[in-house]
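Number of protein chains: 2
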Amino acid sequence: MQAVARTLLRSVQRTALIPRVPSLVARSPVVQSGVLRCNPSIAPRIAPIARAFSSAPVPPQSDEKRGYVVLSMLGKDKVGIVRDFSHYLTSLGANVEESRMARLGGEFAVIVLVSLRGMEASEGLAKFKTGLESAFPDFQIHARLTEERDADADVSAAESSSESAEPELLPFEIQVDGPDSPGIVAAVTKVLASRNITLSNVETQTTSAAFSGYPLFRMDVECRIPPSLVSEVERDLESVEEKFGVAISVFELEEDVLDDDVDGEEKR
Amino acid sequence: MQAVARTLLRSVQRTALIPRVPSLVARSPVVQSGVLRCNPSIAPRIAPIARAFSSAPVPPQSDEKRGYVVLSMLGKDKVGIVRDFSHYLTSLGANVEESRMARLGGEFAVIVLVSLRGMEASEGLAKFKTGLESAFPDFQIHARLTEERDADADVSAAESSSESAEPELLPFEIQVDGPDSPGIVAAVTKVLASRNITLSNVETQTTSAAFSGYPLFRMDVECRIPPSLVSEVERDLESVEEKFGVAISVFELEEDVLDDDVDGEEKR
Numbered sequence: 001m002q003a004v005a006r007t008l009l010r011s012v013q014r015t016a017l018i019p020r021v022p023s024l025v026a027r028s029p030v031v032q033s034g035v036l037r038c039n040p041s042i043a044p045r046i047a048p049i050a051r052a053f054s055s056a057p058v059p060p061q062s063d064e065k066r067g068y069v070v071l072s073m074l075g076k077d078k079v080g081i082v083r084d085f086s087h088y089l090t091s092l093g094a095n096v097e098e099s100r101m102a103r104l105g106g107e108f109a110v111i112v113l114v115s116l117r118g119m120e121a122s123e124g125l126a127k128f129k130t131g132l133e134s135a136f137p138d139f140q141i142h143a144r145l146t147e148e149r150d151a152d153a154d155v156s157a158a159e160s161s162s163e164s165a166e167p168e169l170l171p172f173e174i175q176v177d178g179p180d181s182p183g184i185v186a187a188v189t190k191v192l193a194s195r196n197i198t199l200s201n202v203e204t205q206t207t208s209a210a211f212s213g214y215p216l217f218r219m220d221v222e223c224r225i226p227p228s229l230v231s232e233v234e235r236d237l238e239s240v241e242e243k244f245g246v247a248i249s250v251f252e253l254e255e256d257v258l259d260d261d262v263d264g265e266e267k268r
Numbered sequence: 001m002q003a004v005a006r007t008l009l010r011s012v013q014r015t016a017l018i019p020r021v022p023s024l025v026a027r028s029p030v031v032q033s034g035v036l037r038c039n040p041s042i043a044p045r046i047a048p049i050a051r052a053f054s055s056a057p058v059p060p061q062s063d064e065k066r067g068y069v070v071l072s073m074l075g076k077d078k079v080g081i082v083r084d085f086s087h088y089l090t091s092l093g094a095n096v097e098e099s100r101m102a103r104l105g106g107e108f109a110v111i112v113l114v115s116l117r118g119m120e121a122s123e124g125l126a127k128f129k130t131g132l133e134s135a136f137p138d139f140q141i142h143a144r145l146t147e148e149r150d151a152d153a154d155v156s157a158a159e160s161s162s163e164s165a166e167p168e169l170l171p172f173e174i175q176v177d178g179p180d181s182p183g184i185v186a187a188v189t190k191v192l193a194s195r196n197i198t199l200s201n202v203e204t205q206t207t208s209a210a211f212s213g214y215p216l217f218r219m220d221v222e223c224r225i226p227p228s229l230v231s232e233v234e235r236d237l238e239s240v241e242e243k244f245g246v247a248i249s250v251f252e253l254e255e256d257v258l259d260d261d262v263d264g265e266e267k268r
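The listed protein sequences correspond, in order, to chains A and B.
Residues 1 to 268, numbered by the UniProt record's numbering, are exactly what the first sequence covers, in order.
Residues 1 to 268, numbered by the UniProt record's numbering, are exactly what the second sequence covers, in order.
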């Protein structure tokens, strides 16, 4: 009962836009005290948003052609990487549309979707990548042109389902908790891939075995599932629960209001 | 008042372990209804965790030498990438310790920390990477050896602060919301980098201008800050608020109980 109550509480601020992976600690059955303390001396400062927004230096909305590039960067972690990287992009007129960056071991890894105003990305990619490599010589860098950002399909449709045959795809979040076992990521994602369901966002984490006696595993997946497949996906995930001794929660997310409005705008 | 209440509610399930970025929609002042609906017909199924854990195939705890490798993979999105990738790693005896994976534009990007039991990573890295490249020929792949996973320092210490001079670093989360402007990522991270504060986790996102009239920006940063620098960091972030017309919230996170226990174990 407690677990359910906690889940529903959390659900209040969830939507499909960004996955939020509540911590292993908070959801672990063995740890009850891993909660945030809001230090009163540094209580969150909520700026007067209405004022701030109205006086903000709003960038001009132009019809300038944008190219889209996905970058990955991987190198030794050090102070100032994100500052230097974002400063460099800004100096080129590139905009960071979406990113995930993490310290992993002693390295710092970045994946980012960048838009470049006023240039055809197909012409500029090689030059862009060369410039990055000179600016960040210690980093391994990949860059790929990609299709125009699809704000509407933050989660992509299954490839095999044509729009007319399966017009509706419901956004879902799948959370996995339990002991870490070889093959658990493959087992969960196999349930989805075997039904041509693509994933928009995945996070996994493990913790040392020192605390609980065995390594704990945590996974959070966002995807879109055709309504007709939801029950069989759930059934197969129950088999994964049994086999690996993990707890799997499946949430249907509210269709994103932002997406709907973007849709309306784009159809004008 | 509403904004504060929502923030504090969310804080209840926060800890420092994994950043959770509540959605742009939920925190946007112009959208009030972007909440999750938990479909009753597919209510979250909470497995009987105690039973599941006790009967789980707990992997043997061995003192086998592990090597740690950070991988990045970038390629065209298609069904089954995560399944195939994780299956391949499992078949090699590699374990996914931590990962971020996202569809960005039409691509799928992965950054992951992998441990390889029973092999010296220094010997196996080239072979490992070659194997991956044959298995995933359409992907651009980078692989780097990294230091042993530092479960204790999920957020890394500032490089310049010696342990004796500044033994305590407090975990903080910084959230930025507002209109997207060129240079906002650089401005926020500059405040931290100029004080030798490294970042453990960063997520950024923007949304189309169609809904609100201008593009919205969202950023979530996790880092550790020396207590003596907290007030000046806050002061400088206030300047960023003013300059860019964004709202920045600074949370001190509870020191992770899991980390403490891992500490204790490792010191034995």
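By construction, the Cβ of each residue, glycine as well, lies at the ideal position given by its N, Cα and C atoms.
Remember, it's a predicted structure, so these values are computed and weren't measured experimentally.
Are any of the Cβ atoms in chain A nearer than 8 Å to that of residue i?
i             : result
P137/B        : no
residue 303/B : Outside the shown range of chain B, which is 1 to 268, sits residue 303/B, and nothing can be said about it.
E168/B        : no
L199/B        : yes
T130/B        : no
A126/B        : no
R235/B        : no
G80/B         : yes
R66/B         : no
F53/B         : Residue placement at F53/B is flagged as unreliable, the pLDDT there being 45, under the threshold of 50; the coordinate-derived value follows with that caveat. With 8 Å as the cut-off, F53/B counts as an interface residue toward chain A.
In terms of alpha-carbon separation, which member of the options lies closest to residue i?
i             : options                        : result
F139/A        : P226/B, P137/B, H142/B         : H142/B
E133/A        : P215/A, Y88/A, R224/A          : Y88/A
E168/A        : T146/A, S228/A, A126/A         : S228/A
S208/A        : S115/A, F217/A, G183/A         : F217/A
T204/A        : R66/B, R100/B, G75/B, T90/B    : R100/B
S91/B         : V185/A, S194/A, K129/A         : V185/A
G75/A         : P137/A, R144/A, L125/A         : P137/A
T206/A        : S181/A, E232/A, F128/A         : S181/A
E234/B        : V191/B, K243/B, S212/B, V202/B : V191/B
residue 279/A : G131/B, C223/B, V110/B, G124/B : Absent from the structure is residue 279/A, since the part of chain A shown begins at 1 and ends at 268.
V79/A         : S231/B, V246/B, S194/B         : S194/B
L199/A        : R66/B, D84/B, K65/B            : D84/B
K243/B        : G183/B, P226/B, V230/B         : G183/B
Could you name the residues of the same chain whose beta carbon sits closer than 7 Å to that of residue i, not counting the 5 residues immediately before and after it, in chain order?
i      : result
D77/A  : R103, G106, E107, F108
S86/B  : V96
K129/A : I141, A143
L125/B : V69, A143, L145
Leaving out five residues on either side along the sequence, give the residues of the same chain with a beta carbon under 8 Å from the beta carbon of residue i.
i      : result
V188/A : I174, V176, M219, V221, L237, V240, I248
V114/B : Y68, V69, V70, L71, L89, A94, N95, V96, E97
G245/A : G178, P179, S181
S231/B : none
Is there a Cβ of chain B sitting closer than 8 Å to that of residue i, yes or no?
i      : result
E97/A  : yes
S72/A  : yes
V240/A : no
V202/A : yes
L113/A : yes
K190/A : yes
V176/A : no
E133/A : no
L229/A : no
R224/A : no
L104/A : yes
E232/A : no
R37/A  : Note that R37/A scores 34 on pLDDT, short of 50, meaning its location in the model is unreliable; the coordinates nonetheless yield the value given after this. Chain B, which has a Cβ nearer than 8 Å to the Cβ of R37/A, makes this yes.
A165/A : Interpretation of A165/A is limited by its pLDDT of 48, a score under 50 that renders its predicted location unreliable; the figure taken from the coordinates is listed afterwards. No, A165/A lies away from the interface with chain B (no Cβ there is under 8 Å from its Cβ).
In the DSSP assignment, what are the bridge partners of residue i?
i      : result
D88/A  : Inspection of the sequence shows that residue 88/A is occupied by Tyr rather than by Asp. Per DSSP, none; premise fails for Y88/A.
K76/A  : E107/A
R83/A  : Paired residue(s): none; R83/A is not in a bridge.
A135/A : In DSSP, A135/A forms no bridge with anything.
A102/A : A109/A, N201/B
G93/B  : G93/B is not bridged to any residue.
Can you find the residues in the same chain that come closer than 6 Å, C-beta to C-beta, to residue i, ignoring five residues on each side of it along the sequence?
i      : result
Y214/B : P179
F251/A : E173
I81/B  : F108
T146/B : Y68, V70
M73/A  : V110, F139, I141
Complete beta strand (DSSP E) runs within the UniProt domain "ACT" (173–251) of chain A (minimum length 3 residues, chain order): 199–207, 216–225
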